[in-house]
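Residue numbers (the UniProt record's numbering): 1 to 499. Built from N, CA and C at the ideal position, the CB exists for glycine as well. Below is one structure, written out as structure tokens; the observations come after it.
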């Protein structure tokens, strides 16, 4: 449940009024004084968001600069400008330094859309000579413009889409390729572990930095089932899992290297030794990684048609495959092995926060592989093998898995033809056509015959009694008072011997 949070203004109209005081007229000093006073009153009630705190600080310095035009002493103004800009940049960057390995301020500011020269000015004002008053004034104007477009306008118009990130997310595949090469070398020759230890640690840090960059790139992404912070991490983990599931990462390029353990549906020990350190490190920092990775794997295994991206990737890796729509069964089976290993490793009752439960994975597979599918069993072989492996040793889950073998296959759907449309039009015309006045339908003839028989019952034991029964639909017979039937008003139940 989302807890209520305290805000400073009564409504967005009050915030919009403050925004208009600040940005409507650059030379309206009285309006800017009103804005500073209003934000000071808000700060007396509760803590201001960092954007408003920075706006208040910058605007206060700008008003001081306007009041002291022509003054010979500008050192205090330069220090005030520098302090406001330093606090602005640090307050935007520091909340995103939440992981074990720090990132550069420039990289985070670039993904936030903050001008790079403001970061350089912050560094100069902190560690070098104090910038000139002209440079600081321009930096203050640039900062106020950034706050307008990145705080005030998105807050006042939350339904409008946010602008795209100016810096795209760098690819993760090169880092995974370097890690795989170093890890494979140490697995083959244990004496190289000490030599490559620093390099492997550096790559693990780079991967974690990439996840942090992806979380910054996901600003504005919202999900229906969580807060914005959780949704940004989920978006970043989705991108991470996409890179891990590419051929050449968790799944080797060569099909002969995709063999699984004969004892269970899990990758062989060599493959596990290569990728376990990376997965263990990432899972320690991101508890929901196994759940997200299994979700992506099962979604691929139960998909009926390979996506365009998978088909394009397969075109580069399988040179002699003319039909790109054919599933790579060895790839699916290798993914099923990784999913089974993840469940066996991380699915336990103590790890409830990660959201990974064996029962949930089995239910999702049974639901997706139900009788409504119209594809062949070969296309879903990887998903069915995973279902059997997950249910093995668990009686309740084995019953659910056994249902898949007795469910009838869905009938194949034939393509539509022009004759089918014609038949549908004929049936629709017959339904909409009113009955002919001259004739009566078979049901009306039966009803008329029944009414005539009720008005003039034939003598019992005659042939008309038998003919009346033959006029009724199959399975029905007419009863009489001899059978115990008694006439009664509609809605009154009178039990009889025949009933």
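Residue i and residue j look like a contact to me (Cβ under 8 Å); what is the Cβ gap, rounded to whole Å?
{"i": "residue 151", "j": "residue 51", "result": "4 Å"}
{"i": "residue 126", "j": "residue 187", "result": "Not a contact, Cβ separation roughly 45 Å."}
{"i": "residue 207", "j": "residue 175", "result": "6 Å"}
{"i": "residue 329", "j": "residue 362", "result": "Rounded, the Cβ-Cβ distance is 22 Å, inconsistent with contact."}
{"i": "residue 88", "j": "residue 40", "result": "Not quite, the Cβ-Cβ distance comes to about 18 Å (not below 8 Å), so this is no contact."}
{"i": "residue 390", "j": "residue 423", "result": "No, residue 390 and residue 423 are not in contact; Cβ-Cβ is about 46 Å, not under 8 Å."}
{"i": "residue 298", "j": "residue 401", "result": "Wrong, their Cβ atoms sit about 15 Å apart, outside the cutoff."}
{"i": "residue 286", "j": "residue 213", "result": "In fact, because the Cβ distance is near 14 Å, the residues do not count as touching under 8 Å."}
What are the partner residues of residue i, as DSSP defines its beta bridges?
{"i": "residue 500", "result": "No information on residue 500 is available, as it lies outside the stretch 1 to 499 that the chain covers here."}
{"i": "residue 415", "result": "The partner list for residue 415 (beta bridge, DSSP) is empty, contrary to what the question assumes."}
{"i": "residue 267", "result": "260"}
Select from the options the residue whose C-alpha is nearest the C-alpha of residue i.
{"i": "residue 384", "options": "393, 399 and 366", "result": "366"}
{"i": "residue 332", "options": "379, 46 and 402", "result": "379"}
{"i": "residue 245", "options": "213, 480, 301 and 280", "result": "301"}
{"i": "residue 60", "options": "46, 45, 37 and 47", "result": "37"}
{"i": "residue 14", "options": "30, 42, 33 and 28", "result": "42"}
{"i": "residue 48", "options": "26, 63 and 91", "result": "91"}
{"i": "residue 18", "options": "265, 56, 27 and 114", "result": "56"}
{"i": "residue 264", "options": "238, 247, 44 and 334", "result": "334"}
{"i": "residue 336", "options": "356, 294, 369 and 345", "result": "294"}
{"i": "residue 250", "options": "234, 180, 280 and 189", "result": "180"}
{"i": "residue 122", "options": "86, 141, 153 and 115", "result": "86"}
{"i": "residue 134", "options": "114, 74, 173 and 184", "result": "74"}
{"i": "residue 356", "options": "368, 369, 341 and 370", "result": "341"}
What are the start and end residues of the alpha helix (DSSP H) that includes residue i?
{"i": "residue 291", "result": "289 to 301"}
{"i": "residue 362", "result": "358 to 368"}
{"i": "residue 7", "result": "Taken as a continuous stretch (DSSP letters only), residue 7 belongs to no alpha helix (DSSP H), as it is neither H nor E."}
{"i": "residue 256", "result": "Segment: none, residue 256 is in no alpha helix (DSSP H) and carries neither H nor E."}
{"i": "residue 113", "result": "Where residue 113 is concerned, there is no enclosing alpha helix (DSSP H), given that its DSSP letter is neither H nor E."}
{"i": "residue 130", "result": "Unbroken run through residue 130: none, as it is neither H nor E."}
{"i": "residue 205", "result": "193 to 217"}
{"i": "residue 14", "result": "12 to 23"}
{"i": "residue 475", "result": "Looking at the DSSP string, residue 475 is not in any alpha helix (DSSP H), and its letter there is neither H nor E."}
{"i": "residue 178", "result": "173 to 188"}
{"i": "residue 155", "result": "153 to 156"}
{"i": "residue 92", "result": "75 to 93"}
For the ligand COA, any of its heavy atoms closer than 6 Å to the Cβ of residue i?
{"i": "residue 200", "result": "Among the ligands in the structure shown, none appear at all, so the ligand COA cannot be discussed."}
According to DSSP, is residue i helix, strand or coil?
{"i": "residue 251", "result": "strand"}
{"i": "residue 49", "result": "coil"}
{"i": "residue 317", "result": "Any reading at residue 317 needs caution, since the residue's pLDDT is 38, under 50, leaving its predicted position unreliable; the model's value is listed next. Looking at residue 317 - three-state DSSP - the assignment turns out to be helix."}
{"i": "residue 322", "result": "In this predicted model, residue 322 has a pLDDT of only 38, less than 50, meaning its place in the structure is not dependable; the value taken from the coordinates is given anyway. In the structure shown, residue 322 sits in coil (DSSP, three-state: anything other than H, G, I, E or B)."}
{"i": "residue 42", "result": "helix"}
{"i": "residue 29", "result": "helix"}
{"i": "residue 480", "result": "coil"}
{"i": "residue 491", "result": "coil"}
{"i": "residue 395", "result": "helix"}
{"i": "residue 243", "result": "helix"}
{"i": "residue 333", "result": "helix"}
{"i": "residue 425", "result": "helix"}
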